[in-house]
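Take a look at the structure below.
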Amino acid sequence: MNFIFYITAAIAVAATTMVIFHRNAVHALLYLVTSLLAIAVIFYQFGAPLAAALEVIIYAGAIMVLIIFVIMMLNQGDSTVVQEQAWLQPRTWIGPALLSALLLVQLILLVSNGQISSTQTFHYIGPKQVGIALFSHYVLAVELASMLLLAGLVGAFHLARRKKINPGESSNAN
Amino acid sequence: MPIETAPGLEAGVLLASILFCLGLAGLMMRRNVIFMLMSVEICTNAAALMFVVAGAHWGNADGQVMFIFVVTLAAAEVAIALALVLQFYHRKHTVDIDQLNELRG
Numbered sequence: 036m037n038f039i040f041y042i043t044a045a046i047a048v049a050a051t052t053m054v055i056f057h058r059n060a061v062h063a064l065l066y067l068v069t070s071l072l073a074i075a076v077i078f079y080q081f082g083a084p085l086a087a088a089l090e091v092i093i094y095a096g097a098i099m100v101l102i103i104f105v106i107m108m109l110n111q112g113d114s115t116v117v118q119e120q121a122w123l124q125p126r127t128w129i130g131p132a133l134l135s136a137l138l139l140v141q142l143i144l145l146v147s148n149g150q151i152s153s154t155q156t157f158h159y160i161g162p163k164q165v166g167i168a169l170f171s172h173y174v175l176a177v178e179l180a181s182m183l184l185l186a187g188l189v190g191a192f193h194l195a196r197r198k199k200i201n202p203g204e205s206s207n208a209n
Numbered sequence: 775m776p777i778e779t780a781p782g783l784e785a786g787v788l789l790a791s792i793l794f795c796l797g798l799a800g801l802m803m804r805r806n807v808i809f810m811l812m813s814v815e816i817c818t819n820a821a822a823l824m825f826v827v828a829g830a831h832w833g834n835a836d837g838q839v840m841f842i843f844v845v846t847l848a849a850a851e852v853a854i855a856l857a858l859v860l861q862f863y864h865r866k867h868t869v870d871i872d873q874l875n876e877l878r879g
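Chains as they are written, first to last, in my numbering: chain A, 36 to 209; chain B, 775 to 879.
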């Protein structure tokens, strides 16, 4: 069943490439959702069904919907495609792309020269084991995560509020 | 129980590396704040994939626990970042990150 992994990995890489090169924000977001769904399939194949379900529900569901809400609130229309085309010239992206490719080559060399492939068997880890580990050994981290989410809620509410801005002092109106 | 049909650990690590480098490249080459945010999400997701693959390799539930924390972190981060994007667009009427150049030291 290895071919399923390779097809899914190819879908993930192709969709992610489309995300970083696409001009339309909503289309790029749809490609990102495709990439996340492909990664969910990969999680399932690596024996992690809880991670696969959470990837679909939280990442592809909640977070992407949040981004699409903001894209629709900004409501930029068709002019942004032309603007993106002007911003995304080859002389702009060739430098970062080359540097990232170099980093990727280094990572591949490190992985292929390492001694990590001692055994090739994977272990199925169901939701029960994860839940037991999460609420016994990591229960303090769960509480900290709840504090983080509360801080994120309060911060997002405060930051997204529309305040009156004087035109002359827009930089220090806060 | 072990799974025999899954691909090797190296394949998972390579996929995570490729996705992370793609996200990093997107973060550097785009000027639209929304696209930069999406690239950060790609990087976060690649790190989460690495956690899950390593946890599956060693038969340890900690990988998926860390995945849950990474998802929580990404949710909080994207909420704050989108609020900042809204505020930025409200003030500057653009999504060009280069317009945020008023902090001169």
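Think of the CB as a built atom: it goes at the ideal place given N, C-alpha and C, for glycine as much as any other residue.
Chain A has a Cβ within less than 8 Å of the Cβ of MET812 (chain B). Here the alpha carbons of LEU85 (chain A) and ALA75 (chain A) stand approximately 10 Å from one another. The beta carbon of ILE102 (chain A) sits closer than 8 Å to those of LEU64, all from its chain and outside the five residues before and after it, given in chain order.
If you check each beta-carbon in the stretch 163-181 of chain A against every beta-carbon of chain B, the ones closer than 7 Å belong to GLN164, VAL165, ALA168, LEU169, TYR173, ALA176 and ALA180.
An exposed status is given to HIS867 (chain B), since fewer than 16 other beta-carbon atoms sit within 10 Å of its beta-carbon. For PRO131 (chain A), the enclosing alpha helix (DSSP H) stretches over residues 125-148. Where LEU64 (chain A) is concerned, the enclosing alpha helix (DSSP H) starts and stops at 60-80. Checking the DSSP bridge columns, you'll see ASN806 (chain B) partnered with B:ASP870.
Restricting attention to A:VAL48, A:PHE81, A:GLU178 and A:THR51, the CA atom closest to the CA of PHE157 (chain A) is found in A:PHE81.
ARG126 (chain A) does not reach chain B, its nearest Cβ partner there being about 11 Å away, counting only Cβ pairs nearer than 9 Å.
A Cβ of chain A is located within less than 8 Å of the beta carbon of CYS795 (chain B). Per DSSP, the unbroken alpha helix (DSSP H) holding TRP122 (chain A) starts and ends at 114-122. In this structure, LEU139 (chain A) keeps its C-beta atom at 8 Å or more from the C-beta atom of SER813 (chain B).
As the crow flies, the alpha-carbon of HIS864 (chain B) is around 8 Å from that of ARG197 (chain A).
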